[in-house]
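Structure first, then comments.
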Amino acid sequence: MSGTVYLAESPFDPANRLREFSAAATGCGAIASFTGVTRAGSKAGNPVSDLFLDHHPRLTLVSMREIAEAALLRFEVSHSEIAHRCGHVAAGEPIVFVAAASAHRRAALEAVDYMMDRLKTDAMFWKREDGAGGGGDGGRRGEWIEPTEQDYRDRDRW
Amino acid sequence: MKIIFYGKLAETIGREIYFDPAPPTTSVGELRTALAKAWPNCADDITGPRVKALIGDDFVGDDTPLDRSMLIEFFPPVSGG
Numbered sequence: 009m010s011g012t013v014y015l016a017e018s019p020f021d022p023a024n025r026l027r028e029f030s031a032a033a034t035g036c037g038a039i040a041s042f043t044g045v046t047r048a049g050s051k052a053g054n055p056v057s058d059l060f061l062d063h064h065p066r067l068t069l070v071s072m073r074e075i076a077e078a079a080l081l082r083f084e085v086s087h088s089e090i091a092h093r094c095g096h097v098a099a100g101e102p103i104v105f106v107a108a109a110s111a112h113r114r115a116a117l118e119a120v121d122y123m124m125d126r127l128k129t130d131a132m133f134w135k136r137e138d139g140a141g142g143g144g145d146g147g148r149r150g151e152w153i154e155p156t157e158q159d160y161r162d163r164d165r166w
Numbered sequence: 003m004k005i006i007f008y009g010k011l012a013e014t015i016g017r018e019i020y021f022d023p024a025p026p027t028t029s030v031g032e033l034r035t036a037l038a039k040a041w042p043n044c045a046d047d048i049t050g051p052r053v054k055a056l057i058g059d060d061f062v063g064d065d066t067p068l069d070r071s072m073l074i075e076f077f078p079p080v081s082g083g
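Chains A and B are the protein sequences, given in the same order.
Each residue of the first sequence is one higher than the one before, starting from 9 at the first, in this note's numbering.
Each residue of the second sequence is one higher than the one before, starting from 3 at the first, in this note's numbering.
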């Protein structure tokens, strides 16, 4: 069993991540993945130029690792992976990539769903949506995002 | 003592501060109160239950004795994914 996590300070290519994950998950009959992308608009309808993801120098990776390993233990998956950005992520860029591999599809699909639900509420990041010009260089600094009630309900169903 | 903040607390107060609360500030809870007094615009957050305090790799409660030689970190609610 193998749980892999990556904390990326610069843009990553989810297609590349999937390619490498699939190559490592030899013999598995099912490979499932999800990519989360920064949207160009907030829920309130404000334009978002980028997301700022604050993180902890030690515990962010620890929290990601715990989630990836929990998926291995809970579902019949042999491989799990989480790649997550930190820092400034421009609208349209991937924020997170999650993948799982198993003998049959149900476990892989559920493991991906589980890891995303856990990441939303338990991964040690702090997210801010920034407007045109970017928050780091004098543009509109937006709201810090917290998990919604739906996010907590999604996590609690596992 | 050295204090590190994350998320919106870092934005309001700063990533890293050296803070010497007036005595008697002997517990984490009393430190939160002192910080709230110094930064009243985030008083509700810093003293509220949703902000967690970390010493080393452990989250600690308000009754934890304060050791001014140690680093303490404050975490607002997390959100990833």
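Where a beta carbon is used, it is the ideal one built from N, C-alpha and C, also for glycine.
Contact list for A/V104 against chain B, beta-carbon separation under 8 Å: Correct list: G82, G83.
What does DSSP give as the partner residues of A/R47 in its beta bridges? DSSP output for A/R47 lists no bridge partner at all.
What does the Cβ neighbour count give for B/F61, buried or exposed, with the cut at 16 atoms within 10 Å? Exposed, since its Cβ has fewer than 16 Cβ neighbours within 10 Å.
Mark A/G143 as exposed unless 16 or more other C-beta atoms lie within 10 angstroms of its C-beta, in which case mark it buried. Because the pLDDT at A/G143 is just 47, under 50, the model does not fix this residue reliably, and the value given afterwards should be weighed accordingly. By the 10 Å Cβ count, A/G143 comes out buried.
Quick check: the region 21–29 of chain A against the region 122–130 of chain A, are there 3 or more CB pairs under 8 Å? No contact exists between the region 21–29 of chain A and the region 122–130 of chain A.
Which residues of chain A have a Cβ atom closer than 8 Å to the Cβ of B/A55, listed in chain order? Neighbours of B/A55 across chain A, judged by C-beta separation under 8 Å, do not exist; the nearest C-beta is about 13 Å away.
Hey, would you say B/T35 sits closer than 7 Å to B/L68, going by beta carbons? Going by C-beta atoms, B/T35 is not nearer than 7 Å to B/L68.
Alpha carbon to alpha carbon, how far is A/A48 from A/H92? Looking at the backbone, the Cα of A/A48 and that of A/H92 are separated by about 19 Å.
Kindly list, in the order they appear in chain A, the residues whose Cβ is closer than 7 Å to that of B/K39. Going along chain A, no residue has its Cβ under 7 Å from B/K39, so there is no contact; the nearest lies around 23 Å.
According to DSSP, is A/G95 part of a helix, a strand, or is it coil? If DSSP states are grouped into helix, strand and coil, A/G95 belongs with the strands.
Minimum C-alpha distance to B/G82 - residue among A/A52, A/G37, A/R136: The shortest C-alpha separation from B/G82 is found at A/R136.
Report the neighbours of A/A131 on chain B: residues whose CB is nearer than 9 Å to its CB, in chain order. Those within 9 Å of A/A131 in chain B are V80, S81, G82, G83.
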